[in-house]
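Undergrad: Residue numbers (the working numbering), protein chains in the order written: chain A, 1 to 274; chain B, 1001 to 1531; chain C, 2001 to 2648; chain D, 3001 to 3099.
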Amino acid sequence: MSAPTELLAAAASHTSTGEAFQFWVLGTVAVIGALCTILMRKAVHSALCLAGTMIILAIFYLANGAYFLGIVQVVVYTGAIMMLFLFVVMLVGVTAADSLKETIKGQRWWAAACGLGFGVLLVAGIGNASLTTFTGLGAANANGNVEGLAALIFTKYVFAFEITGALLITSAVGAMVLTHRERTERAKTQREMSEERVRGKHLPPLPAPGVYARHNAVDIAGLLPDGTPSELTVNQTLRGRGQIRDVSSEAIADLKALEQRSEERLGRDEEAVK
Amino acid sequence: MSFPLLTATAALPALGAIATAAVPAARRTAAKWLALLVSVGTLVLAAIQLVRFEPGGARYQLTESHAWIKDFGVRYELGVDGIGVALIGLTALLIPFIIAAGWHDADPLETSAGPDSSFAAGRWRPTQGFFALILAVEAMVVLSFEATDVFLFYILFEAMLIPMYFLIGGFGDRAHAQGDEAAATQRSYAAVKFLLYNLVGGLIMLAAVIGLYVVAGSFSLNEIAAARASGSLHMATNTERLLFLGFFFAFAVKAPLWPLHTWLPNAMGEATAPVAVLITAVVDKVGTFAMLRFCLQLFPEASKWATPVIVVLAVISIIYGALLAVGQRDIKRLVAYASISHFGFIIMGIFAMTSQGQSGATLYMVNHGISTAALMLVAGFLISRRGSRLISDYGGVQKVAPVLAGTFLIGGLATLSLPGLAPFVSEFLVLVGTFSRYPAAGVVATLGIVLAALYVLVLYQRTMTGPVKAEVQGMPDLKVRELLVVAPLIGLLIFLGVYPKPLTDIVNPAVRQTMSDVQKKDPNPVVEAAK
Amino acid sequence: MDNLIALLIAAPLLGAAVLLCGGRKLDKAGHWLGTLLAGASFVIGAVLFVDMLGRSADHRTVTKHLFSWIPVEGFQADVGFQLDQLSMTFVLLITGVGTLIHIYSIGYMEHDENRRRFFGYLNLFLAAMLLLVLADNYLLLYVGWEGVGLASYLLIGFWQHKPSAATAAKKAFLVNRVGDMGLSIAIMVMFTTFGSFAFSTVLGETGGASSGRNTAIGLMLLLAACGKSAQVPLQSWLGDAMEGPTPVSALIHAATMVTAGVYLITRSGAIFNAVPDVQTVVVIVGTVTLLFGAIVGCAKDDIKKALAGSTMSQIGYMVLATGLGPIGYVFAIMHLVTHGFFKAGLFLGAGSVMHGMNDEVDMRRYGGLRKYMPVTFVTFGLGYLAIIGFPGLSGFFSKDKIIEAAFAKGGTEGWILGAVTLLGAAITAYYMTRVMVMTFFGEERWKHAKTPAPDQPGVEPAAQTHGAHDEPHPHESPKSMTIPMIVLAFGSVFAGGIFGIGDRFVKWLEPVTSFDHGNSPVAEWTVTAATIVCLLIGVGLAVAQYGRKPVPAVAPRGSLLTRAARRDLLQDDFNHVVLVRGGEHLTRSLVYLDHSLVDGVVNGTAASVGGLSGRLRKLQNGFARSYAVSMFGGAVVIIAATLLMRAV
Amino acid sequence: MNPVNYLYLAALLFTIGAAGVLIRRNAIVVFMCVELMLNACNLAFVCFSRLHGNLDGQIIAFFTMVVAAAEVVVGLAIIVSLFRSRHSASVDDASLMKL
C-alpha cells in the first residue's frame, strides 16, 4: 500500500528527478529499439527490438500511474501478441532476410519527407498546446487504479467493452476461417504410406544434404557428380521457403581457380624448358 | 381545363416512338407505317395549333402550366408564340418526309448491324430503333419549342442529344461499303464529337441556368421576363453578361456558329441523308430559336452589349462556311458547310436587332429547313444510287436521270436563295435588317450570295452536267416514293417564295414583342429623319 | 384593262410551268404551245399598246398593285406592276422578238430531243424579262433580274453534256451574281435612305437624300448594269455565252437580256441625274466597253463570238448614251430597240449559216455562201447595213443620234466622247464588213474542208444528226427559220426611220425619261457626214484586207493586239490568274485550316486531357505502400491545415 | 522534468512506426510498425490521463490494446494465408490492384 502512494506522489504535476533519469535513459533505448525495428533486415530481430520497446513502454505506463495498463502491456502485448508475431515469423521463415533496397521509385524520399513533416508538425502541435499544469492521478487512483478502471469500464464504457468482446470473438473466428484448410481426402493409414513409399521412386532415405561439399549445413544442396545441386538433399520445409543455399556456383568457381593454377604451373614449366 | 393541345403535339410522337420500338422484329414494315402515321398525326396537331393561334392575341397562347418540382419552383409550363408555332409547324412538316426518305435506310438486310447491336442489351432491332429514335427527337424538339420554363427547356435541350447520338453513330451512310471498318470508326468519331460539343455547351448552360435561378429565384420565363420588365428584378451588369454568355455559348454550339462549327460537317457527312436533315433542319433550329426566346428576353442588356461581337462572328460564319463549301469534295459535307453559312445569316439577323432582321431570321429558320431538306434528301437519293459521297465520282447525271437532276437543281437554287424561292425572302430580310444597323456587316454578308452561287453551281456542274460517267450510266431516275418526298417540298419552297405573307403575319407580332423586350426600334429612313 | 398586265407575264409563265413539269408526252406539241403562249403575250402587249396610245401623253402610265409580298413593319414589298412608255417599249421588243425567235427555234431545234425543255426555258425567260421591265419597285425588278439570269444560265448550258457549255453557263451566272450583289446593296441603301424601294418613292425623293447615298446607289446600280449588260469589267461572260444555241444568243445575248442594264440606268435616271460624278463613271464604262467590244469583234474568227463582241460594243454605245443624262436616255433606248432588231437578225442569220454548214462556226471555213443561201444572205446583209449605220437604215438613225448626243455633252469631254464614238463607228463598219465578206463573198473555202477540229468551241450536237464527217453542202434553211429573219430584216430597215423621223420616239419617251437637246458644238449635218466618212473608211479597210486577197484558212499569228483581242484582251486570263487561282488557293488553305486549326484546338485539348490522365494513371501502381504514402501525406497536409487554422 | 516529454516521445515513436510502414516490404515487419504506432498512441493517452487527472485516457488505451489484439490476430492470419498462396510475405507482391 506504500508503493502506490509514492508513485502517486511521483505522478504529480512535476516529476521527480528519478523519473526524469528513467525517462531519458529508457526513452533513448525505446527510440533505438523502434529504429532497429524498422531497420533490421531480419523479421526476428525486428520483433525482438519491438518487444523491448514495448516493455519500456510498459514501464512508462507504470511511471504514469497506469498500473493496470503497465501490467497488461507486458502480459498481453509483449507476452501474447509479440509471441504470435514470432510464431508467424518462424512459420514464414526465420532466416528470410529481406533486402532493404527500395523497389518503388521515390517511395523512400516521399516516406522520409512525410515522416519528417509529420513529426515536426506533431511536435509543433504539442509545443503549441499549453500543457504546463498536470493534475496528476492522485485523486483518480485514490482507491486503486484497477478499481477505478473497472468502475469506468463496467459503467460508463460498458457497451464499448461488450462490443470489443464481440470483436475479439469475431476476430478469433475470422483468423480460424482464414487459415483453416479443409482436409478433403481421408487420412492415409500407415500401410498405405509404406506401400506408396515402396512404389515411389525413393525407396532408400533421401540423400543427405551437402555435407560432402565442404559445407556442413542442412540448407545446402548436395552436389551430384556433374556438379549440379540436387534438390532432394534439402529439407522439404526449407525447399518450400526457398531457403536453399546454392553452392554450385562456388564449386564451379573453385574448379576454375584450380584449373587456373594448373595452367600457370604448366606455363612455367614450358618457360623452364625453353 | 381545355384540351392540352401542346402536350398532345409532343406526346403523340413520344408515344409513337415507344410503340414503334415495341413492334416485333419481324413486322418491320408495320413499324415504318406506324411511324409515318404518327408523324402525320403530329403534323395534323401542329396544323391545328397554327389554326388556333391568333397572331394578334396574347404573346404566349395555348398555355399549360403544372407544378413539377415544387422545391425548385420548376414548372411544366408550355406556351407558343408566333416563332414557336412556326417552327413547330416546320418540324412536324419535315418529319414525315424524313421518315419517308429514310424508308430503307435502316433495313437490316444490308445495314451493318455490327455497331448497332452493341447499343442495347438483348435484341436491338435497327429498323424499329431508327424510326423510334426519329420520333423521339421530334417529340423533344417540339416540346422544347413549347417550353416556357427554363429548366424544362434545358432538360429537353440536353435529352435531345441521346437519340441523335444513336442516330448518327448507329445508322451509317449506306453509301459506304457496309461493314467497312473505317466508315464505322469515322461514324462513331462523328457521333462522339457531336455529343461532346453539345454536352460541353449544355454543361455551361446548366451553370447559367442554376445561376439564373439563384439570381431570379424562378425558372419561369414569364415570371422572370415580367420581373425584368417591371424592374422588380435587377441584375448586376456583370452577372447578366455572364449568364447571357452561358446561355449563348450552348446555343452557339447547337446552331453552329464559327468557330464552334466543326462538329456539324462530320455529323452530317457520316449520318444518313435523312438524319443529316434532322440535324441541320430540325435540331439545330432549337439553338437559334432559343437565342431569340431566351437570350434576348432574359438578358436584353447583355444581348445588346454582345451584339457587335456576335454579328462579326456571324459574318465570319457566312463567308467562312461558304468558302469551305466551295472547297469540299464530299457532297454532304458541302451541304453542311453551306448550312453553317446559312446559320450565320440567321444569327446575324437575330442580333441585328431590327424587326426585318428578326422576322427574316425566323423565316430563314423555316425556309432553310425546307430548302436544305430538299437538297439533302435528293443528294441522299443520288448517293444511295451510286454508293459514293465524292463529287468527283459523278458526272452527266442530268442525262440519265433528268428529274433527279432537276429537283437537285431547284434545291440548289433555293440554297443560293434565288428570288421567287422561299429562302430569298428571308435572306434579303436579314440582309436589309442588318444593313440598316450595321452597313459594313450587311455589305460583307452580301458577298455570301455570290459564294453561294459558286458552290451550288460548281456542285451541280460537276455532278449533273458534262459527259456521262461510266458508273453513272443507267442510273435510275427518282422513284415514286422519292418524288413524293421531294415534290411537296419544292412546291412549298415556291409558294413561300411567292406568297410568304401567311408566315410573316404569324411571325411579325412575336418579333414586335422581342424588339420591345430589348427596347430597340428600327432605325428610321434617313430621308424621313431629315424631314 | 390593267389586269392584262398580269396576264402578260402569266402567259409565258404558264407555258414554262406546263412544259417543264409536263412529261415527255408533251414532246410532240410542246414547241407549239410555247410559241403560242409567247405570241399570246405579244398580242396582249399590242392590245395594251393600242390602249396606251389612246390616252394622252401624261396619263399613259398604268400601275397595277397585285398583292402584298413581304410585309415586315417598315419593309413593305409589294407585287405591283407599272406600265409606262418605257416598259411598253420593252414589252413590245421582248414579246415581239421573242415570238419570232420561238418560231425560228421550231426549225432550228428540230433534231434536239430536249426541244420541249428548250421552249420551257424560253418561256421562263420571257416571263422573267417581262417581270423585270414591268415591276413597279426595285425588289420585284430584282426578282426578274435574277430570273433572266437563271433562264440565261439554263439556256447557255442547254447542251449540258458539253463541259464548255456547262462552264460557260456557270460563268455567266456567277458574273451576273456579282452584278446582282450590286443591285441588292443598292436596294438596301434605298431602303435605309427612303424607307422604300418603289420607283415612285425612290425616284421621287432623290433630292431629299444626301449626295453620298445617291452616289452609293448609283454606283451599285451601275455595277448591276455592268453585270447584266456585259460592260467592262464584268463583260467576260458574254463571249462564252455563245456556247448556247444560236436562238438563245439572238434573243437573250443580243436583243433583250443584255440590254436590261440600259433599262435599269434609264429607269433610275433621276438618281443618276442627281450625281454627275456617277454619270461620268457610266460614260467611262460605256466608252471603254464600246472600244473593247469593237476590238474583240475585229479579231474573232468564230462568227458568233465576233457578233458577241459587236453586241458588247453596241451596248457600250447605249450605256454611254445613258451616261449623258437626259440628252441620251431616249437615244439609248432607241438604239436598244433598233439594235434588238438587227442584231437578232444577224444572229439568226449566223445561226442559219451554221445550220447549213454543219454547225461550222469558223468564218475562215466559210466564203461565197451568197448563192447557196440567198435569203440568209439578203437578211443578213440588211442587218449588216443597219448595224454599220448605212444611211436610211435603222442603225443610222439611232447611232447617229448617240454620236450627236456625245458631242452635245459639251466641253472637252464632249469632243473626246464624240471622237471615240466616231472611231467606234468606223471599227464597227470594219469588223462587220469583215464578217460579211468572209462569210458570203470570196472563194468557197469550205470545199475540201475537213470536219471541224475537235478543239473547235461551240460544235453543236446537231452535228451528229447532220453527219458532220462529210464535206458540208450549204443549203437554205427551212421556212420556220427564214420567215423570222425576214421579219427582223424589215425591222432593221424601217424601225430607225419610223422612230427617228420627226422625233416620234423622243416624244414617245420624253414623259418618262425627260429629254433636252443639249447644245451641240457642231452642226447636225457635220456629225452625220463625219459618221458616213468613218463608216466608209472602215468598210474600205475591211474590203481591202479580206475582199481583195484570199483569206488564209488558218488564222495568221497577227499582231500583239490581235492575239490579245482573240483572247478577249486577256480578260479571262486575268480572271483565271487572279480570281480562280487565288480562290482555289484560299479555299484549299481554309479547308486545311478548318481541319488543323479550328478542329485541331479542340482535339488538342482532348488529347492533352487524355495524356494527363494517362500520367495520373501511373500513380495507381497497385503498391499498397505508395498508397499509404499518399494517405500519410494527406494526413500531414490536414494536420498542417488545422494547425495553421488554429495559428491564424 | 515536465511529463509533456512523454508526448514528444510518443510522437517520435509514432513517426518512426509510420516511416517503417512506408519503408518495409515484409508484411510482418509492416505489421510490427503498426503495432509500434498503436503503442505510441497508448503512451500519449496514458500521458493525457495523467494530464487531466482522470482515467478515461487509460480506458481508451485499454480498448486500443484489445482492438490491436483482434487486429493482430486477423492480420497475421491474412499474412499466413497470403504466404501460403504466393510463398512470400512481401506487400509489394500483392499488387494486383494495378490496371
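Where is the CB? At the ideal position from N, CA and C, for every residue including glycine.
Using a Cβ distance threshold of 8 Å, determine whether the segment 3025 to 3043 of chain D contacts the segment 29 to 48 of chain A, with at least three qualifying pairs required.
TA: yes
Undergrad: Would you check if the distance between the CB atom of glutamate 1064 (chain B) and the CB atom of alanine 1147 (chain B) is smaller than 8 Å?
TA: Start at 1 with the first residue of the second sequence, and residue 1064 (chain B) comes out as number 64. Start at 1 with the first residue of the second sequence, and residue 1147 (chain B) comes out as number 147. No, they are not a contact pair.
Undergrad: Below 8 Å CB to CB, which residues in the same chain sit around threonine 1009 (chain B) once its five sequence neighbours on both sides are set aside?
TA: Numbered from 1 along the second sequence, position 9 holds the residue referred to as residue 1009 (chain B). Around threonine 1009 (chain B): Thr1042, Leu1045, Ala1046, Gln1049, Ile1088, Ala1092, Val1142, Glu1146.
Undergrad: For a quick check, are the C-beta atoms of alanine 2270 (chain C) and leucine 2222 (chain C) less than 8 Å apart?
TA: The residue labelled residue 2270 (chain C) in the question sits at position 270 within the third sequence. The residue labelled residue 2222 (chain C) in the question sits at position 222 within the third sequence. The answer is no: Cβ separation not under 8 Å.
Undergrad: In chain C, which residues lie less than 8 Å from leucine 3007 (chain D) when you measure between Cβ atoms?
TA: Here residue 3007 (chain D) refers to the residue found at position 7 of the fourth sequence. In chain order: nothing, as chain C lies at least about 15 Å away.
Undergrad: Which bits of chain D does glutamate 19 (chain A) rub up against, with CB to CB less than 8 Å?
TA: Taking the first residue of the first sequence as position 1, residue 19 (chain A) is located at position 19. In chain order: Met3001.
Undergrad: For glutamate 2243 (chain C), is the classification buried or exposed, using 16 other Cβ atoms within 10 angstroms of its Cβ as the cut-off for buried?
TA: Against the third sequence, residue 2243 (chain C) aligns to sequence position 243. Answer is buried; the Cβ neighbour count reaches 16.
Undergrad: Could you give the residue range of the beta strand (DSSP E) that holds threonine 2063 (chain C)?
TA: Here the question's residue 2063 (chain C) lines up with position 63 in the third sequence. Element bounds for threonine 2063 (chain C): 2062 to 2072.
Undergrad: Could you work out which residues of chain B lie near glycine 2120 (chain C), taking near to mean beta carbons separated by less than 8 Å?
TA: Position 120 of the third sequence holds residue 2120 (chain C). Ordered by position in chain B, no residue passes the 8 Å Cβ test against glycine 2120 (chain C), which lies about 11 Å from the chain.
Undergrad: Give the C-beta separation of alanine 1190 (chain B) and alanine 1267 (chain B) to the nearest angstrom, bearing in mind that I take them to be a contact with Cβ-Cβ under 8 Å.
TA: As a working note, residue 1190 (chain B) is residue 190 in the second sequence. As a working note, residue 1267 (chain B) is residue 267 in the second sequence. Yes, alanine 1190 (chain B) and alanine 1267 (chain B) are in contact; Cβ-Cβ is about 5 Å, under 8 Å.
Undergrad: As a quick exercise: from B:Val1468, B:Ala1452, B:Val1518, B:Leu1416, pick the residue whose alpha carbon is nearest that of serine 1303 (chain B).
TA: Residue mapping note: residue 1303 (chain B) aligns to position 303 of the second sequence, counting from 1. Closest by alpha carbon: B:Val1518.
Undergrad: Quick one: complete alpha helix (DSSP H) runs, 4+ long, within the segment 1229 to 1264 of chain B?
TA: 1237 to 1254
Undergrad: In the segment 169 to 246 of chain A, which residue ranges form an unbroken alpha helix (DSSP H) of at least 4 residues, counting only runs that do not cross its ends?
TA: 190 to 199, 236 to 241
Undergrad: Could you tell me which residues DSSP pairs with glycine 2080 (chain C) in its beta bridges?
TA: In the third sequence, counting from the first residue as 1, residue 2080 (chain C) sits at position 80. Residue pairing of glycine 2080 (chain C) in beta bridges, as defined by DSSP: C:His2065.
Undergrad: Around the C-beta of alanine 1175 (chain B), are 16 or more other C-beta atoms found within 10 angstroms, so that it is buried, or is it exposed?
TA: Locating residue 1175 (chain B) in the second sequence gives position 175, counting from the first residue. In this prediction, alanine 1175 (chain B) has a pLDDT of 45, which is less than 50 and means its spatial position is unreliable; what the coordinates show is noted afterwards. Classification of alanine 1175 (chain B): buried, given that the 10 Å Cβ count is 16 or more.
Undergrad: Quick check: what's the CA-CA separation for isoleucine 2403 (chain C) versus phenylalanine 2377 (chain C)?
TA: Numbered from its first residue, the third sequence carries residue 2403 (chain C) at position 403. Numbered from its first residue, the third sequence carries residue 2377 (chain C) at position 377. C-alpha separation (whole angstroms): 29 Å.
Undergrad: Does any C-beta atom of chain D lie closer than 8 Å to the C-beta of phenylalanine 85 (chain A)?
TA: Here residue 85 (chain A) corresponds to residue number 85 of the first sequence, with the count starting at 1. Closer than 8 Å: yes.
Undergrad: Taking only beta-carbon positions, decide if lysine 2170 (chain C) is within less than 8 Å of chain B.
TA: Looking up residue 2170 (chain C) in the third sequence gives position 170. Interface residue, yes.
Undergrad: Nearer than 7 Å: is that true of the beta carbon of valine 1141 (chain B) relative to any heavy atom of the ligand ZN?
TA: The model on display carries no ligand, and the ligand ZN is accordingly not part of it.
Undergrad: Which residues in chain C sit within 7 Å of serine 1039 (chain B), going by Cβ to Cβ distance?
TA: The residue labelled residue 1039 (chain B) in the question sits at position 39 within the second sequence. Residues of chain C passing the Cβ test: none, with the nearest at roughly 27 Å.
Undergrad: For tyrosine 2627 (chain C) and cysteine 36 (chain A), what's the separation of their Cα atoms in angstroms?
TA: Along the third sequence, one-based indexing puts residue 2627 (chain C) at 627. Along the first sequence, one-based indexing puts residue 36 (chain A) at 36. If I take the Cα positions, the gap works out to 24 Å.
Undergrad: How would you list, in chain order, the residues of chain C whose beta-carbon sits under 9 Å from the beta-carbon of serine 3081 (chain D)?
TA: As a position in the fourth sequence, residue 3081 (chain D) is number 81, starting the count at 1. Here the premise fails: no neighbours, minimum Cβ distance about 16 Å.
Undergrad: Counting only beta-carbon separations shorter than 8 Å, does alanine 10 (chain A) have a partner in chain D?
TA: Counted from its first residue, the first sequence places residue 10 (chain A) at position 10. Because alanine 10 (chain A) sits at a pLDDT of 45, beneath the cut-off of 50, its placement in the model cannot be relied upon, and the following sentence gives the value as read from the coordinates. No, alanine 10 (chain A) does not count as interfacial toward chain D.
Undergrad: For isoleucine 1449 (chain B), which residues in chain C fall below 9 Å Cβ to Cβ?
TA: On the second sequence, position 449 is the one that residue 1449 (chain B) refers to. Chain C residues near isoleucine 1449 (chain B): Arg2177, Asp2180, Met2181, Ser2184.
Undergrad: Could you tell me the boundaries of the alpha helix (DSSP H) in which leucine 1390 (chain B) lies?
TA: Walking along the second sequence from the start, residue 1390 (chain B) turns up at place 390. Neither: leucine 1390 (chain B) is in no alpha helix (DSSP H) and is coded neither H nor E.
Undergrad: Hey, alanine 175 (chain A) and valine 3066 (chain D) are a contact pair by Cβ (cut 8 Å); roughly how many whole angstroms apart?
TA: The residue you call residue 175 (chain A) lines up with position 175 of the first sequence. The residue you call residue 3066 (chain D) lines up with position 66 of the fourth sequence. With a beta-carbon spacing of about 15 Å, alanine 175 (chain A) and valine 3066 (chain D) fall beyond the 8 Å limit used to define contacts.
Undergrad: Which residues in chain A sit within 7 Å of arginine 2625 (chain C), going by Cβ to Cβ distance?
TA: Taking the third sequence and counting its residues from 1, the one referred to as residue 2625 (chain C) is at position 625. The answer, in chain order, is Ile104, Gln107.
Undergrad: Does chain C have any CB closer than 8 Å to the CB of tryptophan 110 (chain A)?
TA: Sequence index remark: in the first sequence, residue 110 (chain A) carries index 110 (1-based). Output row for tryptophan 110 (chain A): interface = yes.
Undergrad: Assuming threonine 1434 (chain B) contacts serine 2184 (chain C) under a Cβ cut-off of 8 Å, what Cβ separation, rounded to an integer in Å, is found between them?
TA: Translated into positions along the second sequence, residue 1434 (chain B) becomes position 434. Translated into positions along the third sequence, residue 2184 (chain C) becomes position 184. The C-beta distance from threonine 1434 (chain B) to serine 2184 (chain C) rounds to 12 Å, too long to fall under 8 Å, and the pair is not in contact.
Undergrad: Measure the C-alpha to C-alpha separation of alanine 1272 (chain B) and threonine 2562 (chain C) and round it to an integer number of angstroms.
TA: One-based indexing of the second sequence puts residue 1272 (chain B) at position 272. One-based indexing of the third sequence puts residue 2562 (chain C) at position 562. With the sequence shown as reference, residue 1272 (chain B) is identified as threonine, and alanine is not the correct amino acid for it. Rounded to the nearest whole angstrom, the C-alpha separation of threonine 1272 (chain B) and threonine 2562 (chain C) is 55 Å.
Undergrad: Roughly how many angstroms lie between the CA atoms of histidine 180 (chain A) and aspartate 226 (chain A), to the nearest whole one?
TA: As a first step, residue 180 (chain A) must be located in the first sequence, where it is residue number 180. As a first step, residue 226 (chain A) must be located in the first sequence, where it is residue number 226. Each residue's alpha carbon lies about 43 Å from the other.
Undergrad: Which complete alpha helix (DSSP H) runs does the segment 2074 to 2123 of chain C hold, if anything under 4 residues is left out?
TA: 2085 to 2108
Undergrad: Pop quiz: leucine 2019 (chain C) and asparagine 2123 (chain C) are said to be a contact at Cβ under 8 Å. What is the actual Cβ separation, rounded to whole angstroms?
TA: Indexing the third sequence from 1 puts residue 2019 (chain C) at position 19. Indexing the third sequence from 1 puts residue 2123 (chain C) at position 123. That pair is a contact at about 7 Å.
Undergrad: Would you decide whether glutamate 182 (chain A) is buried or exposed? Buried here means 16 or more other CB atoms lie within 10 Å of its CB.
TA: The sequence position of residue 182 (chain A) within the first sequence is 182, counting from 1. Counting Cβ neighbours within 10 Å, glutamate 182 (chain A) comes out exposed, since fewer than 16 surround it.
Undergrad: Which same chain residues end up closer than 7 Å to alanine 2530 (chain C) when comparing Cβ atoms and leaving out the 5 residues on each side of it in sequence?
TA: Reading the third sequence from its first residue, position 530 is the one you call residue 2530 (chain C). Hits under 7 Å: Leu2422.
Undergrad: Taking three-plus beta-carbon pairs below 8 Å as touching, is the segment 1499 to 1506 of chain B in contact with the segment 1315 to 1335 of chain B?
TA: no
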